[in-house]
Structures are given as structure tokens and as C-alpha cells.
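Quick note: the sequence shown, position 436, residue 416 per the numbering used here, numbers continuous.
Below is one structure, written out as C-alpha cells; comments come after it.
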Amino acid sequence: MANVSPFRAYRYSKKKVKLDNVIVQPYDKITPDLQNQYYDRDPFNAVRIILGKEEKGDNQLNNKYTRGSAFFYHWTQSGIFMRDAKPAFYAYNQEYWVEGKKLVRKGFIGLCEVEPFGKTVKAHEKTLDAPKADRLNLMRATHTTQGQIFMLYSDVKCAVNKILEKEIETRKPDMQLKDDYGEIHKLWIVDNPKAISGIQAAMKDKKLFIADGHHRYETGVNYYNEMKSLGVQKIGHENIQNLMMTFVNIDEPGLTVLATHRLVHSLKSFNRSEFFKKLDKYFSIEEFPHKDGGEQQARKRLYAGMGKDADTSHLFGLYLKGDKNYFLLRLKDDSAIKKLVKGRHSDVYKKLDVTILHFLILDKFLGIGEKELKEQSNVKYARHRDKAIETVNKENIQMAFLMNPTKVEEVKNVADKNERMPQKSTDFYPKLLSGLTINRYNLNKE
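Right, dumping it as C-alpha cells:
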């Protein structure tokens, strides 16, 4: 059961700041360069709370987490952040463009009781300890959440979105801004008690699938358990068990998953000839020479080949540093992978493109196993295909594996079996922005 609740969010005052200058990407998408841009963009930019800079002389009492807490306190006292008067859900629509096509992803922000994975909440990706420790330290310092957990649910009748649309159809957004990629984000306050009750009733029987935010969700569980062990009681909607999330209906149009490509580096004994012999055993290999119409034309032909049979075949693009060819790898036989995947996994899991790449090519052929992937000692990641190829040419990268996106239905099916995909299996686009709404936990009665 998904027990969702409205809450009184802290939001930026439009009288004090320009929203475009203060709202940020999720913490794990903020590169050092983007962090610097955010710091320079506005003195009240949310990055100072969400992902503050480390400073010389930092210690247990003065560090990026304690500074984040101080920023939140001072900005609430000075009216930079204002708390909404009544508990509300927040309709959150994102207008964006993919390959020239405009799409709208509709959702709503609210609170939901956290629980261990398995019953109501399903995860599909593995997590790392370091990001969870980082997020927990921030929660301990601020007792707030500023970033969103991206939750999918299935609602064929679209009952929730019908309620939301009725509430917002004649109103201008309460918040609207453009993000770093030019995508438009709109938010409406929905505090009508009847609408709130309708949304809660419609969500009651739903299973939830984490699209993005696995580290943040597990951190929310850890924070709740820690506060509970310290004797903190559950008080009001904003209690220690309720975590802020954005809920999106998987049955509505507007969901986009992008591929995350793998860049392989630092292999000490790579032999190109031996590698292709191993590939040839399991894959048919189609070659796209640069000389046939030039490099750009060869690249276009590779991309077209990857997309042509993506629904029925397991396809990978391959580019090696210094090579004058692109290669399209097509798995010859699905049954081969079933014997190679270690551990107990479902057929759905074994047939994922990312599973085939990780278990067969990276692990079996190149010696990049789970340990190396976890430590990121041999693999980097890139969102865009062109960017992946350019990175191979410019940096100390040996090869790039280009992938087709994981399908939304695959995410749901794997999560429903309580299995976890490898990291970076999905990239839901656009990201849910951080700092739009902030939830402060009730630790004492007010």
C-alpha cells in the first residue's frame, strides 16, 4: 500500500529570487564545473545546501553539511524560503524535447511512508555506500530533503492525473522555470481537501517502482531507522517515516528513458585481435568503415542499425580508439547468456541489454567484473552517443560501447521480481529538479 500524504513545502519566494537561477539538477548530476556555475549564478542557489563545496580546514563541526544547514536556516529566517500555509500535493509537469519531438511528463510531489524494499516499493538498480553516507550526513545536519525520489506507479485509468488536471486546468503555474538543458518545469499547489483525499485513495493500492533516486530512498530508510532508535516520534505529515517523492504514472505518455553508454579505460593487457575472436563466437559483427562516405556517414549508419531491430534483438555499437571503423554487435543466441549470468536471476533480467554487456563482454571478455564496476576503475559513463565517441578520441579511453535504452516495461518487470539491475541501467529524462520543494522533518511538536 502506498500511503501518500500532502505536506507544507518550503519553496523559494519569487519576490526574492529568479527561479531559473536557484533551482538545480539532482546532486549526482552536478559535476564540479556545474557546481561552480551554480555558485556563481546566485548567492541563494540551492547547490549550497544540496551539494556544498568542501573547504580547507573542514572538520566535524564546520563542513559542507553544517554549512548547508546554516544556509537553510538563514534563508528561511530571511524569507528566501517560505513555507506553504496548508498541506498540499504539488502537480509537477515537465515539457521537454527528444529528437525534435515535444513531450510532457506529468506527475505530482508528495510524501510517502518509507519501508524496506520488496512489498510496496520496488528497486531496480544496485546502490553504492559512499553516496548513501553522503546523503545521510546531509539529512542529519539539515533534517530536510531537497531532492526528489522518482517513483513510477501503474494507473491505467489515470485517476490521479484526472484529479490533478481538474485542479490546475484553469490556473497558471505557481512555479515555472527553464533548466540547464532548456526544458520547462511547471508546478502547481493542490491543497483542495477533496482532491487530496481522492489522490490518497487512488494511490492506496499502488506498487511503487523507483525510476531514479535509489540512493536517496535507501538513505531515507536509514534516516528513519536512526531517528526512531534515538526515540524521535512520528509527528504530523512531515514525520520521520515520510519521504518526499515525485510520482509518475507509467501508463501515461511522456516517459522517456535514455541510454547510458560505457567507456572502457585502463585495461593493461588488451589485445584487439583476441577480443574480436571472443566477440565473434557470440555476436554477428557488422562493420561500418569511415572511408564509405566519411566518418559522420559511418556513424549515422551505425546509429540506424542500432535502432532498426532494437525491439527484437540485442544490439551494441562499438568504437575503439584510433580505429577507422564502427561496429554493430548483434547477439546470435539468447540462450547463451543464460548459462553465463551468475547467481539466481529471472529470464527477464538475463535478457536485458545491460546484463549481456556486463556479464558477457565486460566480465568474460575484458575482465571487468562487479568489483571493478563498483570501484569504477575501468568504466566511465556517458549519456549521449556522440559524446561517448568524442570522449574516446579526446581522453585516455580505449573503447566505447553504445547502448539502446532500457525499456520502461523492463524496469517494471525486473523490479517486480525484487531484482536489481547493474548501476547506470536507466537514465530517465529529464531529471526531477532539486530545490523546487523542500520538506523539513518534524522532530518536535510545533
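C-beta atoms are modelled at their ideal positions from N, C-alpha and C, and glycine is treated no differently.
With DSSP collapsed to three states, give me the class of Y306.
Strand, per DSSP.
Using the C-alpha atoms, what's the distance from T124 back to G37?
When the Cα atoms are used, G37 and T124 turn out to be separated by approximately 25 Å.
Considering F61, what are the terminal residues of the beta strand (DSSP E) in which it resides?
F61 -> beta strand (DSSP E) spans F61 to R63.
Selection from I418, L412, D185 and G285 that minimises the alpha carbon distance to M(-19):
Selected option, being the one with the closest Cα: D185.
So what's L340 in DSSP terms, helix, strand or just coil?
L340 falls in the helix class under three-state DSSP.
Give a yes or no on whether the C-beta atoms belonging to F263 and K312 are separated by under 8 Å.
Taking 8 Å as the cut-off, the beta carbon of F263 is found closer than this to the beta carbon of K312.
Taking 8 Å as the threshold (beta carbon to beta carbon), is S357 in contact with chain B?
Of the protein chains in the structure, only one exists, and it is not chain B.
Residue of M207, I190, E163 and T240 minimising C-alpha distance to K367
Of M207, I190, E163 and T240, the residue nearest in Cα terms is T240.
Could you check the C-alpha separation between E147 and K9 for me, to the nearest Å?
Taking the straight line joining both Cα atoms gives about 32 Å.
Do E232 and C138 have their C-beta atoms within less than 8 Å of each other?
Pairing E232 with C138 gives a Cβ-Cβ distance under 8 Å.
Just how far apart, CA to CA, sit K248 and G297?
The straight-line gap separating the alpha-carbon atoms of K248 and G297 is approximately 23 Å.
Nearest residue (CA-CA) to A181, options G80, P(-14), K374 and N222
For A181, the nearest C-alpha among the options comes from P(-14).
Closest Cα partner of F88 within the set M131, H54 and W55
For the residues M131, H54 and W55, the minimum Cα distance to F88 belongs to M131.
In angstroms with no decimal places, state the Cα-to-Cα distance between D396 and K102.
Going from the Cα of D396 to the Cα of K102 covers about 6 Å.
Which whole-angstrom value describes the C-beta separation of I220 and Y197, a residue pair presumed to lie in contact below a C-beta threshold of 8 Å?
Going by Cβ atoms, the distance from I220 to Y197 rounds to 15 Å, so no, they are not a contact pair.
Runs of alpha helix (DSSP H) wholly within the region 37 to 104 (minimum 4 residues, chain order)
Correct list: 44 to 57.
Look up E267 in the DSSP assignment and give the residues it is bridged to.
Paired residues: F307.
Going by DSSP, what residue range makes up the alpha helix (DSSP H) through M207?
Residues H194 to S209.
Give the secondary structure of M401 by DSSP, where H, G and I count as helix, E and B as strand, and everything else as coil.
Of the three classes helix, strand and coil, the one that applies to M401 here is strand, per DSSP.
M225 - partner residues in DSSP beta bridges
Paired residue(s): G90 and I129.
Take the Cβ of L144 as the centre, count every other Cβ of all protein chains shown within 10 Å, and call the residue buried at 16 or more, exposed below.
L144 should be labelled buried.
Beta-carbon proximity list for P6, same chain, < 6 Å, skipping 5 on both sides
So the qualifying residues of the chain are G127, K411 and S414.
Please list the terminal residues of the continuous beta strand (DSSP E) segment that includes L243.
Per DSSP, L243 belongs to the beta strand (DSSP E) from H241 to V244.
Please identify the residue among K174, H294, G347 and K351 whose C-alpha is closest to the C-alpha of L332.
Relative to L332, the option among K174, H294, G347 and K351 whose CA is nearest is H294.
Leaving out the 5 sequence neighbours to the left and right, which residues in its chain are closer than 8 Å to A290 when beta-carbon positions are compared?
Answer for A290: N384, listed in chain order.
Quick check on K360: does DSSP put it in helix, strand or coil?
The three-state reading of DSSP puts K360 in strand, counting E and B together.
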